[in-house]
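In the working numbering, the protein residues as written are -5 to 335.
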């Protein structure tokens, strides 16, 4: 795979040139970006997959929803539907996509919408009887037809965008210079004990502008696993033989948190659509054992034949420090944007 990526290096240069021209045209106003009076916060990355967008969106929902009517707008990756859809009681993961459906199930007070055309999605949300006060754009850093008021860029510890290269040789969707559009940069999936010295080394590598704020977060795993009715402590299930199942971009930390030497670890592609043959194979390997999966996978599997033995492990984004400063930045933006309407 690495050899193939190196062979494809000329295509990376071409891809980088195309994305740079596109960004130049948006920056110069040749291609239109549409702004809205409502506060819009975009969360995204420069690389493909696995930077922790979902727990970061959930962090923002928890921060904002006690005060404001919040809506999330995603494209609904791999959903079996098209156009604008506002989640309701008939929605499922196939219609919305796994991550938006997860938002809908966890946060019943918010509005959850999907639309690949983010401009149209925002316009449709603003036509609803209950209009959102704040919209969170999920995975929209490259969606430049909409100009958000605040951009949060995520980059993973150990896989920083400044150390990466353009697709297909690397994993970048656009040049690392695109980071200049961000108001806030968050280094995700850090060791919770990351030293201040190492944080400063990363800060020096990223070379952020004076107007950009930098934060560091880790993934916090829950102390319990859940199904629709039951709760079990991780300390109880960790010693027993079980099946661990993950269809996410980087599953190793999930497995490491739960596994013992007798466990079976099953890995599937990110956003994997589980077929009947997949379900049968999982059943054959699990037998009567419990199956623990990620929250994102659970919403796609909970209506399958696995449901009686299926549990999920929630995660949250946790700031290593300065969470109060981050919260203040988000809340101040919302207040000032609303005051200027």
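Glycine included, every Cβ here is placed at the ideal spot set by N, Cα and C.
- The Cβ atoms of residue 46 and residue 70 do not sit closer than 7 Å to each other.
- Secondary structure remark: continuous beta strand (DSSP E) runs of at least 3 residues inside the stretch 207 to 246, in chain order: 207 to 215, 218 to 220, 225 to 227, 237 to 240.
- Cβ-Cβ distances below 7 Å link residue 295 to 268, 287, 304 in the same chain, with the five nearest sequence neighbours on each side left out; the list follows chain order.
- Using a Cβ-Cβ distance cut-off of 8 Å, the stretch 140 to 160 and the stretch 21 to 40 are in contact, since at least three pairs of beta carbons, one from each stretch, lie closer than that value.
- In this structure, the beta-carbon distance from residue 259 to residue 238 falls below 7 Å.
- Nearest in C-alpha terms to residue 253, of all of 243, 194, 241, 285, is 285.
- Residue pairing for residue 68: DSSP places it in a beta bridge opposite 108.
- The beta carbon of residue 87 sits closer than 6 Å to the beta carbons of 95, 293, 294 from its chain, once the five residues preceding and following it are set aside; these are given in chain order.
- Membership of residue 38 in the beta strand (DSSP E) is indicated by the continuous run 34 to 39.
- When the beta-carbon positions are compared, residue 176 and residue 145 come within less than 7 Å of each other.
- Collapsing the DSSP output to three states places residue 307 in a strand.
- Residue pairing by DSSP leaves residue 314 without any beta bridge partner.
- DSSP places residue 284 outside any beta strand (DSSP E), giving it a letter other than H or E.
- About 32 Å separates the CB atoms of residue 122 and residue 168; that is not less than 8 Å, and the two are not in contact.
- Between residue 35 and residue 57 the beta-carbon gap is near 10 Å, outside 8 Å, which marks them as no contact.
- DSSP places residue 260 inside the beta strand (DSSP E), whose first and last residues are 258 to 261.
- Around residue 101, the same chain offers 55, 59 as residues with beta carbons nearer than 7 Å, after the five sequence neighbours per side are excluded.
- Taking a contact to require three or more Cβ pairs closer than 8 Å, the stretch 173 to 187 and the stretch 209 to 216 qualify as touching.
- C-alpha of residue 73 to C-alpha of residue 65: approximately 19 Å in a straight line.
- Residue 133 sits buried, since 16 or more C-beta atoms from the chains shown fall within 10 Å of its C-beta.
- For a cut-off of 8 Å, the C-beta gap from residue 264 to residue 243 is around 4 Å, short enough to register as a contact.
- A direct Cα-Cα distance of roughly 13 Å separates residue 48 from residue 106.
- Distance from the Cα of residue 26 is smallest, within the candidate group 139, 331, 18, for 139.
- Taking 7 Å as the cut-off, the beta carbon of residue 129 is found no closer than this to the beta carbon of residue 215.
- The Cβ atoms of residue 67 and residue 115 sit closer than 7 Å to each other.
- Boundaries for residue 140: no beta strand (DSSP E) harbours it, and the DSSP string shows neither H nor E there.
- Sequence-distant Cβ neighbours of residue 313 in its own chain, meaning closer than 8 Å and more than five residues away, are 209, 210, 211, 320.
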